[in-house]
Amino acid sequence: MKDATLSPHPDFALRRSPGLTAVFVALAAIALLGLVLSIVFYGDLAQTETVSWRGRSTTAFAGIVAPASVGLSAFAAFLFGWLALSSSTRWVRLSTGSVLRGFELVVDGDASTADELHRRLSTGDPAQYLPIPVSKRGDLRVHVYRADADRRAFVTIEQRGKGEPRTWPLIELADRGYVQIKRRRAEDFAKPYVPAGGTTDPQLRP
């Protein structure tokens with residue numbers, strides 16, 4: 048996950064995960080093997096009989112089986128190869144060696160929206176920062192990370208556009224702030240704050 052705030056920060060680095068890379072490479076190799084076999088036995092696949100809904104053998108779909116096998120194998124090989132290169136990296140906190148786990152929230156807004164989000168999230172209090180106006184499209188990105196071994200949470204905000212992204216200062220949360228982040232999934236940040244054992248209090252909404 049790209050992050051314009053963490054990239055220049057001296058305590059964070061994007062490192063490749065050997066485990067994830069190995070999984071995606073293995074899947075890509077299996078897909079490539081399937082592609083080779085599909086090409087080698089293309090003629091046989093093209094004559095493969097299928098069973099109709101009445102239980103009778105038919106060659107009605109014989110012309111589809113062979114190209115479909117080749118196409119699906121090629122697509123799978125490309126997909127897993129791309130994932131091995133682009134989705135097998137993780138942010139690491141260099142001072143402790145902890146791997147960050149996180150997710151991205153998309154927000155439709157401008158710099159003033161980002162200013163307000165930064166102010167609310169900096170409190171570490173879900174009564175202040177929930178709900179976040181999550182959208183399917185928007186120029187703002189809110190990245191929420193956890194370093195569970197360090198019992199720390201980190202939040203970054205950036206505004207993307209045609210030029211270089213604009214960033215806001217890194218937010219670091221510990222103690223209760225970290226616990227509140229840990230107990231929530233990505234979809235929970237779009238929901239109003241509900242106190243433990245109670246209902247939503249309108250006075251606690253931002």
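Under the numbering used here, the first residue of the sequence shown carries the number 48, and numbering increases by one thereafter. Quick reminder that beta carbons are idealized off the backbone N, C-alpha and C, glycines included. This structure is a prediction, so every number in the text was calculated from the model and none was measured.
The alpha helix (DSSP H) runs lying completely inside the segment 127 to 184 and spanning 4 residues or more are 158 to 169, 173 to 176, given in chain order. Of R199, E211, R188, the smallest CA-CA separation from E205 is found for R188. Under the three-state reduction of DSSP, Y240 is assigned to coil, being neither helix nor strand.
For the 8 Å CB-CB criterion, W138 and L61 form a contact.
Annotated three-state conformation of T52 is coil, per DSSP.
Fewer than three Cβ pairs drawn from the segment 141 to 155 and the segment 68 to 75 lie within less than 8 Å of each other, which leaves the two stretches out of contact. DSSP, reduced to helix, strand and coil, places A73 within a helical segment of the structure shown. Annotated three-state conformation of R223 is helix, per DSSP. In this structure, D235 and R207 do not form a Cβ contact; the two beta carbons are roughly 24 Å apart against a cut-off of 8 Å. When the beta-carbon positions are compared, L177 and I218 stay at least 8 Å from each other.
Only residues of its own chain outside the window of five on either side were considered, and among them P173 have a CB closer than 6 Å to the CB of Q227, listed in chain order.
Annotation for R184: V153, D155 place their beta carbon closer than 8 Å to its own, counting only its chain and skipping 5 residues before and after.
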